[in-house]
Amino acid sequence: MRPEYDFSTMKGAVRGKYCKAYREGHKVVIHKEDGTDLVQYFKLEDGAVMLEPEVRKYFPTSEAVNKALRSLIEIIPAKRSVSGHRK
């Protein structure tokens, strides 16, 4: 979020209020001048992740995120399960 957007004075504002719904998918209805509606559906693709703003400062691109994660993968012992417990 840009620094010039200051929502700190807004009463009842809740950060991340629609985050869960956005991740699950949402639709946008565009009401056209001719009286018809155009409906578009949006959903994060499988494997897509949302980065928090403080993380995005350090990893602004997919390439940067993947490079960092690959370097972590190299130092993780090979005999770990997905849950993080040793086999």
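In the numbering used here, the protein residues as written are 10 to 96. All residues carry an ideal CB built from backbone N, CA and C; glycine is no exception.
- Three or more beta-carbon pairs separated by less than 8 Å link the region 52 to 68 to the region 27 to 41, which places the two stretches in contact.
- Between the alpha carbons of Arg79 and Pro69 lies a distance of about 16 Å.
- A distance of 8 Å or more separates the beta carbons of Lys41 and Gln49.
- Ranked by how close their Cα comes to the Cα of Ser71, the residues Glu83, Val58, Leu81 have Val58 in first place.
- Boundaries for Val23: no beta strand (DSSP E) harbours it, and the DSSP string shows neither H nor E there.
- Look at Val37 here: in three-state DSSP terms it is strand.
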